[in-house]
Every structure is written in C-alpha cells, then in structure tokens.
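In UniProt numbering, the protein residues as written are 1 to 160.
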C-alpha cells in the first residue's frame, strides 16, 4: 500500500510539472512567432542586413524592437509594429542616441533604485525611448521613460 501511495504521489507531481511546462511553452509561442515575422520583415524591407536580437515592446502601441546591422555596417534598432505593416516601420541608428548603460546611469543619478527589473528600447509618440522597470528602496514598482536621443526624462510612473 505504501508503494502505491508513493507511486501516485510521484505520478501526480510529474504530471503537474509537465502540464506547467506545456502551458508556459504555449503561452510564449505567440511572442516568438511575431518576433520571427518582425525580424523577417525588417530584413525584407532592407532596414537591416543582419539581425542580432529582438523583443516585444508594449507601450501605447505594440512594437517588436529588432536590433541589427544595416548593409553599411551601422548598428540600428528597427521598430516593427505588431500588425506587421511595412509602411509603419520606424528606425534609429544606435550611435545617434544614448546607450542602455547611459540610460541606467541617468536613472541611478536620480537615486532610490534598489533593483532594475528590465530595460527595453521602444517607440512612443515623441520617438525612441528607454523603458526602465525597477523596484525602489520601498519595494515599490516604478516605470521610467528616458528619451533615446538626448537622455532627458519623458515620463515617470512611480510607486505602484
């Protein structure tokens, strides 16, 4: 009887683990699919010659930010809307703005940063922005948006 209880317990834990992994894998699939399509659109539109990285940015409008190199060897970020319309693609040369490290230093000069959760380059109404998500010293969630072109503050959402 004891062996049956051990078998049933191990089986249930294993089944739960497999189901959790499958759910997470299926939940990630749409993001992976749209990122692949956006990368291909950036290549087809000749905005980039080589793609190095991409991720989804959700602001007022959703974009896939695709990083890479153009045909002249210049590093660029291309913002492909999630509706995949080629005429709505925006792009910036990475040399024309602040880096991720510079955006973090602008934030840390403000103080009160305990833990940076994420930093993403995205596109909003005024242009390209760095979205930084962090926890402050009181463990409150904060979002700040720093302009890519000059490092000025655009928007802050604090103490959530």
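Even for Gly, the Cβ is constructed at its ideal location relative to N, Cα and C. Here the structure is a predicted model, which is why all the values come from computation and not from measurement.
| query | Where do the N-terminal and C-terminal ends of the alpha helix (DSSP H) with residue 9 fall, by residue? | reply | Translated into positions along the chain shown, residue 9 becomes position 9. Here the alpha helix (DSSP H) through residue 9 covers 2-44.
| task | Ignore the nearest five residues each way along the sequence and tell me which others in residue 132's own chain have a CB closer than 6 Å to its CB. | result | As a first step, residue 132 is located in the chain shown; it is residue number 132 there, counting from the start. Excluding positions up to five away in sequence, the list reads 107, 119, 144.
| said: Quick check: the Cα distance between residue 102 and residue 93, rounded to an integer number of angstroms? | reply: The count along the chain shown starts at 1 and reaches residue 102 at position 102. The count along the chain shown starts at 1 and reaches residue 93 at position 93. Distance between the alpha carbons of residue 102 and residue 93: 16 Å.
| field | Integer Cβ distance of residue 128 from residue 149, believed to fall under 8 Å | value | By one-based count along the chain shown, residue 128 stands at place 128. By one-based count along the chain shown, residue 149 stands at place 149. Contact flag correct, Cβ pair sits at about 7 Å.
| query | Three-state secondary structure (DSSP) at residue 117? | reply | The residue given as residue 117 occupies position 117 in the chain shown. Three-state result, residue 117: strand.
| field | Assigned secondary structure, residue 168 (DSSP; H/G/I helix, E/B strand, else coil) | value | Shown here, the chain extends from 1 to 160; a query on residue 168 therefore has no answer.
| Count the other CB atoms within 10 Å of the CB of residue 142; is the residue buried (16 or more) or exposed (fewer)? | Locating residue 142 in the chain shown gives position 142, counting from the first residue. Buried.
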